[in-house]
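Every letter in the sequence shown is one number past the one before it in numbering that gives the first Met the number 0, and letter 715, counting from 1, is 714.
This report refers to the structure that appears directly beneath it.
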Amino acid sequence: MGYSCLKKSLAVSVFFAFLTACGDDKSSSSNGEELYSSSALTEDTKSSSSRELDSVEMIPGFAFVESQGKSVKLGTFNENAKAIERPQMQVDFSYDFYLGVHEVSCGEYRDLSQAENVDGCENDSLPVTNISFYDAVLFANAYSKKLKLDTVYSYTSAKYDQEGHCTSLEDFSFRNEAIGVRLPTEAEWTYVAQGHWNPSDGWTLENSKNVRHKICTAQDVSDSSNVFCDMAGNVMEWMNDWLGSFKETSVTNYAGAPDGGNLGQRVVKGGSFRNPSDAINLFNRGDVYAVVSSSRADYVGFRLAIGAIPDAVWIGADGQAVNYRITPVASGSEVKNLTKAYSAKLAFRNDVTGNLAFIDYQDGTPTVIEIRDTIDSYHPEISPDGRYVAFCTGLEGVGTSSKIYVRHLDEKGSGLIVLDVKGAAIPRWRITEKGDTVIVFVSSAGNNENESSFLEQSTWMVSFEGGKFGSPQKLFEGAYHGGVDLERNIAVTGARRLRAYRNGSHEVWYNGEQACNVSLSQDGLNQTLFLDFAGKTGRDFVGKSYRTHERLFIADSTGKLVQSISAPSALTFDHSEWVSRGDNAVATLVNSEGAHERIVLVNSENGSITTLVLGDELWHPNLWVEPIDTVAEHAAAFRDSAGVYYSSISASHHLSYRMEMLWRMADMLEIVGLGNSHMAASFCASRMKMQSLNAATMPSDMHVNLFLFKNYLVRFCPKLKYVILGLDFDLWDAKDANRDIDLNIGDAPGFAYDANHGYWSEGVSEEFLEKVKTSVVKDGIYNSIQSSKGFVHQNYYIGWSVGDDHSVEILSDSTWSDDPLTYEDDLAALDEFIQIAKEHHITVIGSVTPISPYYQNTGAYSRHGMRRSCAYKIYDRIKVQADSTENFILFDENHFGNHDYGDDLSHDYDHLNTMGAVKFTSRLDSLIQTLEGRISAEER
0 MGYSCLKKSL AVSVFFAFLT ACGDDKSSSS NGEELYSSSA LTEDTKSSSS
50 RELDSVEMIP GFAFVESQGK SVKLGTFNEN AKAIERPQMQ VDFSYDFYLG
100 VHEVSCGEYR DLSQAENVDG CENDSLPVTN ISFYDAVLFA NAYSKKLKLD
150 TVYSYTSAKY DQEGHCTSLE DFSFRNEAIG VRLPTEAEWT YVAQGHWNPS
200 DGWTLENSKN VRHKICTAQD VSDSSNVFCD MAGNVMEWMN DWLGSFKETS
250 VTNYAGAPDG GNLGQRVVKG GSFRNPSDAI NLFNRGDVYA VVSSSRADYV
300 GFRLAIGAIP DAVWIGADGQ AVNYRITPVA SGSEVKNLTK AYSAKLAFRN
350 DVTGNLAFID YQDGTPTVIE IRDTIDSYHP EISPDGRYVA FCTGLEGVGT
400 SSKIYVRHLD EKGSGLIVLD VKGAAIPRWR ITEKGDTVIV FVSSAGNNEN
450 ESSFLEQSTW MVSFEGGKFG SPQKLFEGAY HGGVDLERNI AVTGARRLRA
500 YRNGSHEVWY NGEQACNVSL SQDGLNQTLF LDFAGKTGRD FVGKSYRTHE
550 RLFIADSTGK LVQSISAPSA LTFDHSEWVS RGDNAVATLV NSEGAHERIV
600 LVNSENGSIT TLVLGDELWH PNLWVEPIDT VAEHAAAFRD SAGVYYSSIS
650 ASHHLSYRME MLWRMADMLE IVGLGNSHMA ASFCASRMKM QSLNAATMPS
700 DMHVNLFLFK NYLVRFCPKL KYVILGLDFD LWDAKDANRD IDLNIGDAPG
750 FAYDANHGYW SEGVSEEFLE KVKTSVVKDG IYNSIQSSKG FVHQNYYIGW
800 SVGDDHSVEI LSDSTWSDDP LTYEDDLAAL DEFIQIAKEH HITVIGSVTP
850 ISPYYQNTGA YSRHGMRRSC AYKIYDRIKV QADSTENFIL FDENHFGNHD
900 YGDDLSHDYD HLNTMGAVKF TSRLDSLIQT LEGRISAEER
């Protein structure tokens, strides 16, 4: 069945059941509707995309799904489900598609990708796993080429890790209108999966022995009406969608979120061999950890789909359903490297809606915020401090009435005010020689071809302070909307002629030929950026012919041409603007159909062009970067990084939350917990009698704990008396001492900033602490972690095992622990930790949290596979040290599984739930209160 050739022209139809309560139930009940079939659609009922699919015939391993006119429920109303899985939303389909009968196998992946070594593929019939989202889409493109179909995913270059896996695709874009091979959407996958949703028939924790199995060998294939294999269990599957929020509504042709939000998360579906069957729900859409495009796991694979998604709809973070996408391409770190500053913001017009949109690149994974109101927003420009944005309602070259507005650059566009004058267009922020913030504007932005008409208009300046306009004052005759220099000795404008006001005189540059999109630089050089219409002057300078707007020109302060930069092949420029400082410019790129499909950053020194954003119609980009004092440029550049502990490649962004709390609470902290997810889920810091913080991070070994302890805790926590140190020796699995440190720090600049300042041996300023506070990138769990002082609530439980056989999960081969060198570095780090603590009169409480008692029935200590014999040796060494060291106490609540934490206190195999954490914390608090009593007695 798995390799059968299915096509629409066959006469046999396959029927299978619909769920009456699609999103929540695990059992199915038939209502007689046909879900998918191999029979042909009639010409009357086929959508245009379905008719185009007629050319896609005889595809091994795919089945045709008749979804047009049908619907599916995504998400759930279950209050115990994750917030990202609620509420339930209906998705309607106006198209049909093909879906892979089974997950892509190792053999298929190896043959088509030509990969020499495919991780864990000892058998070609196993589903391929341990590949990134980008690996999967590259495979899909290769499959499209094999079938002579259009490729669905576009990009300009790829980045790979040392193991050959793709970690990034530059200029990555999903072309929903293309008929080719792709990953299925969450809606498509769920629509098919609901028909035979019975996880107990799949390869799950109960029957898998914690390993993958060959495709199409689970019980789910015993049902002859079920064409598709392994929808539940075996391995999780990558979806095409960015992970976004649902809303209680009906959406047609839903394709996920328009971008990945602050965290850049993707959807995975179906559960795996690691999960108990009763924990695999149709509405589940993620994993235990955040799943991003570069993530890989030995239990995540993928299957393929074929077909266009006509009129696709995306739902953004604001809950708005839109039929367009605006996709950030460049990351915050890339923009930082290109602009030499970390704080950067991009504002632009979404011409599909007329709304103002912006991106804050201080976030590691940028997301687009669209300010939705009824005000047409042209020519936006961000204020010098990055807090406000000014825009107008008129368009360059059009002399209709226009107004200028200013609003806060936030999600709601708050504080909206209008400049109360008869006509005002194309605002330009400036700071005067006296330090006043002003907006320069023109009375009309109409075309300037006729000189007398042009001079009838004028250029003005108005102060802006405290969110209010001052009184406008006229600068000079002529509408010079391309910019005015600080001394007001030069001004430029375009929209027919390249005109300049220089030293009190009106001039025409560029030999009077047509020019537009004029922008005056703000770096003191007064260079003019503009586009032309391929006239003689430009051709003579370039030395060859070119198309209108194909080249970006730069003139010096006298109007002399000094440089020209060509647009990429088959594209042209529009809406060119200098960046607020430096040698960069921004512009839109226009395709052959006239659509403004991307915003790019152009380096005027080397001519390089970097895509920042992709979309349908993106207009009038304006890129602000935090101003740098040229005298102290280096120091100011570091200032951009202060307190930014968020990393776009970190395994756990929650460390940035805890760093913010650490700085805020440092002066009062008496107890701090360090460790990994065991500590995060067991130590309720808010329940301690003394001032406490749970500063756990994932992944964490002794090197991470030591790094945070000696560089932050002992330096800035003068009242610190106790450190609760997670002794998770089953995770001391790396000979590379910097591995887990690198995973936590990633590319977060805040740690480098602190190191470059000697970890603040002379103390920190209030300005720095405020920067830490404002630099936090928040997600849905931020408030919960803050209120619980770093503790992570786990409000439900799976139990210490699944089923009567007391089976447990083991992720790794235990042979990793056979080499003592693997964990000797961690033991040495523990010694150093205890010694530093002793020097600072701090007591270290070595914590061993409870895990499943049923690991006693295996050869492993825990889910991470360390041999129990090895764990006993390490434990004995630690116990000897605790017995002989005054400031080191062993707090063992696990006792190698012989503990009194029942199933009702567990979250899963090796984590406590919230009630279990309450019990753990209560005992820990009692221990510390006992120690405090001894100290008081000794003092007396």
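C-beta: ideal position from N, C-alpha, C; glycine also.
Values in this document were obtained by computation on a predicted structure and should not be read as measured data.
Just so you know, the alpha carbons of M660 and L692 end up roughly 8 angstroms apart.
Here Q161 is exposed. Its C-beta has fewer than 16 other C-beta atoms within 10 Å.
For a cut-off of 8 angstroms, the C-beta gap from W237 to R211 is around 15 angstroms, too long to register as a contact.
The alpha-carbon of L829 is positioned some 43 angstroms away from that of I358. Assignment of A514 by DSSP, reduced to helix, strand and coil, places it in the strand class.
One Cα belongs to S124, the other to A217, and the distance between them is close to 13 angstroms.
Taking all protein chains in view, the Cβ of R550 is crowded by 16 or more other Cβ atoms within 10 Å, so the residue is classified as buried.
With a 10 Å radius around the Cβ and a threshold of 16 neighbouring Cβ atoms, A584 comes out buried. Separation of the CB atoms of P849 and N893 is rounded to 5 angstroms, and the pair is thereby assigned contact status at 8 angstroms. With respect to the C-alpha of S376, the residue from R109, A343, D824, G412 having the closest C-alpha is G412.
Across the set A569, W731, D817, the C-alpha of W731 shows the shortest separation from the C-alpha of M697.
Taking 9 angstroms as the cut-off, the beta carbon of D297 is found closer than this to the beta carbon of G119. Burial check for F440: the Cβ neighbour count within 10 Å reaches 16 or more, so the residue is buried.
For the pair A827 and G74, the Cα-to-Cα distance works out to about 48 angstroms. Fewer than three pairs of CB atoms, one per stretch, sit closer than 8 angstroms, so the segment 674-691 makes no contact with the segment 851-862. Distances from the CA of G331 to each of I325, S342, Y323 were compared; the closest alpha carbon is that of S342. Judged by their CB atoms, Y758 and R714 are nearer to each other than the 9 angstroms cut-off. A Cβ-Cβ contact shorter than 9 angstroms links G481 with L519. Here P620 carries a strand assignment [DSSP, helix/strand/coil]. Inter-segment contact for the segment 306-323 and the segment 552-568 is absent: fewer than three beta-carbon pairs are separated by less than 8 angstroms. T773 has its alpha-carbon roughly 22 angstroms from the corresponding atom of N710. Below 8 angstroms, enough C-beta pairs join the segment 612-627 and the segment 586-595 to call them touching: three or more. According to DSSP, N349 shares a beta bridge with N354, L617. Between A679 and V843, the alpha-carbon positions lie close to 17 angstroms from each other.
In the DSSP assignment, C391 falls within the unbroken beta strand (DSSP E) covering 387-391.
At a Cβ-Cβ threshold of 9 angstroms, S544 and A569 do not count as neighbours. Beta-bridge partners of P327 (DSSP): V612. Pairing I370 with R406 gives a Cβ-Cβ distance under 9 angstroms. By the C-beta density criterion, G260 is buried, having at least 16 other C-beta atoms within 10 angstroms.
Counting along the chain, no beta strand (DSSP E) covers S806, and no H or E run does either. Per DSSP, the unbroken beta strand (DSSP E) holding G672 starts and ends at 670-673.
Residue pairing from DSSP leaves T821 without any beta-bridge partner.
Per the C-alpha coordinates, the member of N209, I438, S224, N322 positioned closest to V191 is S224. Taking E380 as reference, the option from L281, D539, V397, Y404 with the minimal CA-CA separation is Y404. Under DSSP, A256 forms a beta bridge with W241.
Contiguous beta strand (DSSP E) elements confined to the segment 432-505 occur at 436-441, 457-464, 472-476, 489-492, 498-501, taking only those with 3 or more residues.
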